[in-house]
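**Q**
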């Protein structure tokens, strides 16, 4: 991976082009099914670009990636088989190969979302601290990164849910998306952001914030037009 070099600007352009064509394709009746089937490829490419743009891929970074993957996957496993987390739902066939009814890509998706949000929050606080003369307690910064970051993750899921259901990624037992789903998203995101903070994962990844914004806009636009 270290031999592959893609600039930050190129990575951003690739993400914009893929998501842009994705929106156009999904909204086009003649091509919708094909673009929906390409969802796993999109997720893999975005994760690959995110990893390429990570300046410090040390043991702690890979450990965090593994923790996110298995924590997210196990949470979804519990949700699918018991309904104790998120609510009662089941996955469709769009997201690719499954293990015990849970798509393997779900664990990867949890890592991408949590890392991008954690990176964004750390950069935001760093810029705020640089622009201000006031001293902010490290504890307050940590609490803000975790709680505010978890709130952003929950908002991200709020935008994603209607689109995901409409495109067949997963289906809820009842027509309405349960509020409990968002409670679990907040709690699990906060837990993973706490782990990220404790491990002191490097957030030197300029692509992460851009990917987060691109994905939010992707789901917002599809929410408006689907």
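Residue numbers (the numbering used here): 19 to 244.
Think of the CB as a built atom: it goes at the ideal place given N, C-alpha and C, for glycine as much as any other residue.
1) Tell me residue 189's beta-bridge partners as DSSP assigns them.
2) Residue 23 by DSSP, collapsed to three states: which one?
3) Within its chain, find whatever has a CB closer than 7 Å to the CB of residue 103; leave out the 5 residues flanking it on each side and keep chain order.
4) Assign residue 154 to buried or exposed, taking buried as 16 or more other Cβ atoms, counted over all protein chains shown, within 10 Å of its Cβ.
5) For the alpha helix (DSSP H) holding residue 58, just list the boundary residues, first then last.
6) Considering only their Cβ atoms, is the gap separating residue 219 from residue 78 smaller than 9 Å?
7) Between the Cα of residue 244 and the Cα atoms of 70, 65, 50, which residue gives the shortest distance?
8) Which first and last residues belong to the alpha helix (DSSP H) in which residue 218 is found?
9) If you draw a straight line from the alpha carbon of residue 281 to that of residue 72, how long is it in whole angstroms?
10) Could you work out which residue in 30, 38, 27, 64 is closest to residue 237 when comparing CA atoms only?
11) Among the residues of its own chain, which have a CB less than 8 Å from the CB of residue 54, if the five just before and after it don't count?
12) Beta-carbon within less than 8 Å of residue 176's beta-carbon, same chain only, minus the 5 sequence neighbours each way: which residues are those?
13) Does residue 13 come out as helix, strand or coil in the three-state DSSP assignment?
14) For residue 194, report the span of its alpha helix (DSSP H) as first-last.
**A** Here's the rundown:
1) Per DSSP, 108.
2) Looking at residue 23 - three-state DSSP - the assignment turns out to be coil, as it is neither helix nor strand.
3) Within the same chain, residue 103 has close Cβ partners 93, 96, 97, 202.
4) It is exposed - the Cβ of residue 154 has fewer than 16 other Cβ atoms within 10 Å.
5) Under the DSSP assignment, residue 58 falls in the alpha helix (DSSP H) whose first and last residues are 57-70.
6) Their beta carbons are under 9 Å apart, which means residue 78 touches residue 219 by this criterion.
7) Checking every option, the nearest Cα to that of residue 244 belongs to 50.
8) For residue 218, no alpha helix (DSSP H) encloses it, and the DSSP letter there is neither H nor E.
9) In the structure as shown, the chain begins at 19 and stops at 244. Residue 281 is therefore absent and cannot be evaluated.
10) When only C-alpha atoms are compared, the closest one is 38.
11) Once the five neighbours on either side are set aside, the close Cβ partners of residue 54 are 44, 112, 185, 186.
12) Excluding five sequence positions before and after residue 176, the CB atoms of its chain that fall closer than 8 Å to its own CB belong to 200, given in chain order.
13) Missing from the structure shown is residue 13; the chain here goes from 19 to 244 and no further.
14) Per DSSP, residue 194 belongs to no alpha helix (DSSP H) and is neither H nor E.
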